[in-house]
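Mapped onto this note's numbering, the consecutive letters of the sequence shown carry residue numbers 202 to 518.
Quick notes on the structure that follows.
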Amino acid sequence: MNKFLKDIGIFLVLLALLLFVAMFITKLTVQNRVSYNIDQSASSIVLGHSHSECAFNDERIPGLENLSISGEAYFYTYTKLKEVVSSNENVDLVFIEFTNNQISESINDWVWKEKYLSYHYAIHSAFIDWRDKLLILKNNPRGYIANLPVVFKSMLKSALKGENLPSVYGGYTALEGDLFDYEKKDPKEGENKEDFVIINEKISEIQLNYLDKIISFLEEKNIQMCLIRSPEHESYSGLANEDTYQDVLTNRFVDVRFVDLKDFPLGKTHFRDPEHLNSTGANIVSDWLGNLLDQDQFFNSEKKHWTFKELEENYNN
């Protein structure tokens, strides 16, 4: 019996070692085969979650590529940004979506909850630093271990195919429908209309720490950056933490350039839901942002934080 248990133990150790070696080799292959290259004519990129993903139609903004993707926490944005910058010397301006739900403590789930591990962690795992991986392992060890087969499958797929931006790592998404249609929808009993972030006054220090890392990284690379808040309808529940949001913005990011489009003049026909623009609204905002990018003096201004009204008065007339 003891010999049997010993043999089983040796088998399991060897199996674990074999899997580790297989994952390590696959990781190296992914790092060599996956491309983060973007159009070399693009000097600007925008990164963020679904707000910016649906707000900025890069086909209407010369020189800009939208690499935003739904459900992406700054934890994953940080890894993606480093790879994009290292692969594209043409990038000299980065917009980072910064909105109300991104500071709420409940957004921590976007880092280590299983549904996000199976997608965002899986596609970026080969590039995530081991110290960052410890954050996930610490907060959701069971989910991290259970997700390893998904990670390996994702890496193996990338190793065999080679993935390119923006098909997997982000891109503009055009939404249809409007807020009138959305308000007519009746969610099932006990469910919300959408699985959006729960907004509360508690702040996600993890999210803000990774935004700090993003800012520091871009400063080291001498790349201009600008936080941007996409338009939001006045009925958006996320505005409940607006006071906290403004405190974070003015106290923690006072020296970081910021463009606030929250009050961009749009109506219900321009929103798919209270926090996402539809394609009609996105085209309007994208044309406006394209005009702003033509104003070189904006990025040389000593003033850092700009509301939509201030920008209209100074640059986009």
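Ideal Cβ placement from N, Cα and C applies to all residues, glycine included.
- Within the segment 480 to 508, the complete alpha helix (DSSP H) runs of at least 4 residues fall at 480 to 494.
- By DSSP's assignment, residue 430 forms a beta bridge with 461.
- Every unbroken stretch of the alpha helix (DSSP H) spanning 4 or more residues and falling wholly within the segment 230 to 283 is given here in chain order: 251 to 256.
- Selection 255, 429 and 509 evaluated against residue 466 yields 509 as nearest (Cα-Cα).
- Straight across, the Cα-Cα distance linking residue 306 with residue 340 is about 14 Å.
- Less than 7 Å divides the Cβ of residue 312 from the Cβ of residue 276.
- With 16 or more neighbouring CB atoms inside 10 Å of its own CB, residue 274 falls in the buried class.
- Annotation: residue 293 to residue 282 spans about 12 Å, alpha carbon to alpha carbon.
- By the neighbour-count criterion, in which 16 or more other beta carbons inside 10 Å mark a residue as buried, residue 347 falls on the exposed side.
- Shortest Cα-Cα distance from residue 279 to any of 271, 504 and 410 involves 410.
- If you draw a 10 Å sphere on the C-beta of residue 456, you find fewer than 16 other C-beta atoms in it, and that means exposed.
- Inter-segment contact for the segment 249 to 269 and the segment 486 to 498 is present: three or more beta-carbon pairs are separated by less than 8 Å.
- For residue 241 against residue 291, the beta-carbon gap comes to about 5 Å, under 8 Å, which counts as contact.
- Residue 432 is positioned such that its CB atom lies closer than 7 Å to that of residue 462.
- For residue 477, DSSP records a beta bridge to 474.
- With a contact defined as Cβ atoms closer than 8 Å, residue 322 and residue 308 miss out at about 15 Å.
- Contact annotation: the segment 370 to 388 touches the segment 263 to 273, with at least three C-beta pairs closer than 8 Å.
- Taken through DSSP and simplified to helix, strand or coil, residue 351 comes out as helix.
- Your pair residue 483 and residue 375 checks out as a contact, with CB atoms roughly 7 Å apart and the cut at 8 Å.
- Residue environment analysis places residue 408 among the buried positions, since at least 16 neighbouring C-beta atoms fall within 10 angstroms of its C-beta.
- By the neighbour-count definition (other C-beta atoms within 10 Å, threshold 16), residue 435 is an exposed residue.
- Just measuring C-alpha positions, the residue of 318, 377, 414 and 286 sitting nearest residue 477 is 377.
- Rounded to the nearest angstrom, the gap between the Cα atoms of residue 427 and residue 494 is 12 Å.
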